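Chains as they are written, first to last, in my numbering: chain A, 1 to 425; chain B, 1001 to 1425. Ideal Cβ positions, reconstructed from N, Cα and C, are used throughout, including at glycine. None of these values were measured; they are calculated from a predicted model.
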């Protein structure tokens, strides 16, 4: 791996130059056509696109409940047990994210409050092929159901050999209400606007290829979307006490996802830097997904050597990695220094894949530096808030002059008159 | 106003046909050019665009702290007092929205938790001209500062006679850190990517014209954005106990904002429907912004008559209005039936402008039916979450088989090996 020993300032400058590009106008034009066709022709457009893109003739899109039950019955006992343990841990963690409203009555005659209400209908996009991950179905569906979502609709591209059984089993376990065999931009359009078969949803979750991501961005406003997911990152902060083979294995666990994944080690030890670099090379040679992981390591990855602990955290906060491992003695001591990271793994035994599968925190995390402003998927993503107020005549009279003053300063005479229409004569 | 007496089914169908359009490709092409120019040329591009669009020659963009202090000193005492009262009420309400993380240690050797961290740098767009509202500055800036935002950067288009003094006074009162005189898509680009003078922010808030809205949508992903704001709506549910003059005045208070505003009354009383319609016409005739309000009333507004109370709420939940007034006896009894609304005004004295100015709940609300999935602006919009886990060796050993099973089912051998690298030999 590339080892960088530049100054902090120089490294921060490099990080700040990484920006997300705008959407490609050519892809956007194709996606616009697909969206407009689905809006105009509904199910027929979906059938045409699934024929064209996925080479399947569909008469209906929705899987029966029996197909989901059969999938759950078909998986082996070890997988079933692993999914059940994951479900239990994800549930116990996400229950703590449930939010409540409040009511106040601090001033005479005034009641004010806020209600937290679940979003009624949610769509979940699950990619096809090798990126169909049962664990990701649990990570989206469990918080949705804890939030109280009424109807959770999953869409996933049709496959020649049928939809991945483990994915369907996870959907059944997590309480997904409908599964539709549709994919790509056409599936996003169907969820955003509804068709004869597919319900219009209020918010769309889940990752996909560039067509799916572009479609999500384009329908944003008509529906809410979770995020625009980019490539995965792992950042490790470690010193000489860390074991090079463990650090290397963790870096590779993210590198194997995608050629664009970015594995990063920040350390104060040139010895560890060299040892991890050697271990990465050694472990790469036996990794089944070597080609992908090697591209990620060589083109995207780097090891930064910085002598001061504070500087290591300054750099990592600027990177804002999706996953952040702290492999230092007494790792919890550093929690206060972490400002930007999706999920944090404290100490040697908190290996990143532990968080991917069973620990319970979410594994759908802000990527590509968006931890500056985004959160892991959580129960809070499946609710919205409504405020309310009630005033007595006397309470309104006390504040009426302030309201009419501000309204008139803003040139909104109708606002002032609405208040004056309440004056008791 | 148009009075509709169709069945609930027919009215619901009409509501469901209202969809948000996609962005206009021509506007998008112009905005793309502006964004790319600001990315490439920084301040020079901003100067060029401000010359071209706002016809001003700027040497520097940032207002001095003294200019803000002078603005606050320049406003009259009544306005100052109204702004102070509004600030106190907005603060006391929004303090209740502050969120905290958690730590659990339910299982031996396992610590899991979540930290709530403020977003470091936030941009706030404030439109120029007559839509420069000091109240909206308070509504964005107060929750931002309660959340702990480090640097709150306001941008607003330069004006020939200088920026609106009341807006600057509100910015000073609410703790805005920087005010830059830039507007339009170029201001959004500057906030998203940074220039020599303007800091790159993490999230952009505030409404604007179609160029601003398009730019916000295009930079979404590089930064977070609050929402795509559409025209204002007010929905009133009322029966014969309501006073027609008050209902009409409230409908007009939203109608005067914009020709595209939508005033809606849903009632079980044809008498009230007729009386409100007459009152609206009467009040329109003396309203300074009659032209705007009349267009909104005639082109966008309607009165729906539905005999059953439940049906009135079903229709209103489908509309998901930005503002919802309940002018029925015992209005609080209906709180449970409200599923989709930005802010709710209970009873005769909770006139909508009370919420716009001084009651304390936010007035920046989800418009155009987006209350299905969005919340009022709140403290929660200025924070993000980070999760963390710590496991002992024993705790990891208990769950290791589940992790390696799931990793291998997903074809991610590197993930399984990272866990196996922790096995004690």
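- For residue 99 of chain A, there is no enclosing alpha helix (DSSP H), as DSSP marks it with neither H nor E.
- Around the beta-carbon of residue 1313 of chain B, 16 or more other beta-carbon atoms lie within 10 Å, marking it buried.
- Beta bridge pairing from DSSP links residue 1343 of chain B with A/387, B/1323.
- Within chain B, the residues placing a beta-carbon under 7 Å from that of residue 355 of chain A are 1389, ordered along the chain.
- Under a criterion of Cβ atoms nearer than 9 Å, the residues of chain B adjacent to residue 372 of chain A are, in order, 1119, 1120, 1121, 1202, 1203, 1223, 1224, 1384.
- Within the same chain, and ignoring the five residues on either side of residue 1385 of chain B in sequence, the residues whose Cβ sits closer than 8 Å to its Cβ are 1101, 1114, 1115, 1116, 1117.
- Nearest CB-CB separation between residue 413 of chain A and chain B: below the 8 Å threshold.
- Within the region 1194-1262 of chain B, the complete beta strand (DSSP E) runs of at least 3 residues fall at 1203-1205, 1233-1238.
- Annotated three-state conformation of residue 1267 of chain B is strand, per DSSP.
- Apart from the 5 residues on each side of it in sequence, residue 1181 of chain B sits with its Cβ closer than 6 Å to the Cβ of 1061, 1158 in its chain, given in chain order.
- Residue 286 of chain A counts as exposed, since fewer than 16 other C-beta atoms from the protein chains shown sit within 10 angstroms of its C-beta.
- Taking 8 Å as the CB threshold, residue 212 of chain A stays off the interface with chain B.
- Secondary structure at residue 1004 of chain B: strand, using DSSP grouped into helix, strand and coil.
- Excluding its 5 nearest sequence neighbours in each direction, residue 1307 of chain B has C-beta neighbours in its own chain below 7 Å: 1268, listed in chain order.
- Taking a contact as a CB-CB distance under 8 Å, the pair residue 1185 of chain B and residue 1214 of chain B counts as one, their CB atoms being some 7 Å apart.
- In the same chain as residue 340 of chain A, and ignoring 5 residues on each side of it, the C-beta atoms closer than 6 Å to its own belong to 317, 320, 371, 372, in chain order.
- Residue 182 of chain A carries a coil assignment under DSSP once its states are collapsed to helix, strand and coil.
- For residue 313 of chain A, none of the residues of chain B pass the 9 Å Cβ criterion, the least Cβ distance being about 13 Å.
- Counting along the chain, residue 1393 of chain B sits inside the alpha helix (DSSP H) bounded by residues 1393-1409.
- Proximity of residue 246 of chain A to chain B, defined by a Cβ-Cβ separation below 8 Å, is satisfied.
- Residue range 121-125 is occupied by the beta strand (DSSP E) that includes residue 123 of chain A, with no alpha helix (DSSP H) assigned at that position.
- Inclusion of residue 1245 of chain B and residue 421 of chain A in the CB contact set at 8 Å is warranted, their separation being smaller than that value.
- Within the region 1265-1298 of chain B, those residues whose Cβ lies closer than 8 Å to any Cβ of chain A are, in chain order, 1283, 1287, 1288, 1289, 1293.
- Rounded to whole angstroms, residue 163 of chain A and residue 169 of chain A show a C-alpha spacing of 10 Å.
- Taking each of B/1195, B/1359, B/1329 in turn and checking the Cα distance to residue 1343 of chain B, the smallest one comes out for B/1359.
- Using a Cβ-Cβ cut-off of 8 Å, residue 1331 of chain B counts as an interface residue toward chain A, since at least one Cβ of chain A sits closer than that to its own.
- For residue 111 of chain A, the pairing in a beta bridge is given by DSSP as A/390.
- For residue 421 of chain A, the nearest beta carbon of chain B is closer than 8 Å to its own beta carbon.
- Boundaries cannot be given for residue 364 of chain A, as no beta strand (DSSP E) includes it and DSSP labels it neither H nor E.
- For residue 112 of chain A, the C-beta contacts it makes with chain B under 8 Å involve 1093, 1359, 1360, 1361, in order along the chain.
- In the DSSP assignment, residue 53 of chain A falls within the unbroken alpha helix (DSSP H) covering 43-54.
- For residue 1018 of chain B, no chain A residue has a C-beta closer than 7 Å to its own C-beta; the minimum C-beta separation is roughly 10 Å.
- Residues of the same chain with a CB within less than 7 Å of the CB of residue 1404 of chain B, apart from the 5 flanking positions on each side, are 1416, 1419, 1420 in chain order.
- With its beta carbon at least 8 Å from every one in chain B, residue 80 of chain A lies outside the interface.
- For residue 1005 of chain B, there are no C-beta contacts with chain A under 8 Å, since the nearest C-beta of that chain is about 27 Å from it.
- Residues of the region 1171-1183 of chain B with a C-beta less than 9 Å from any C-beta of chain A: none at all.
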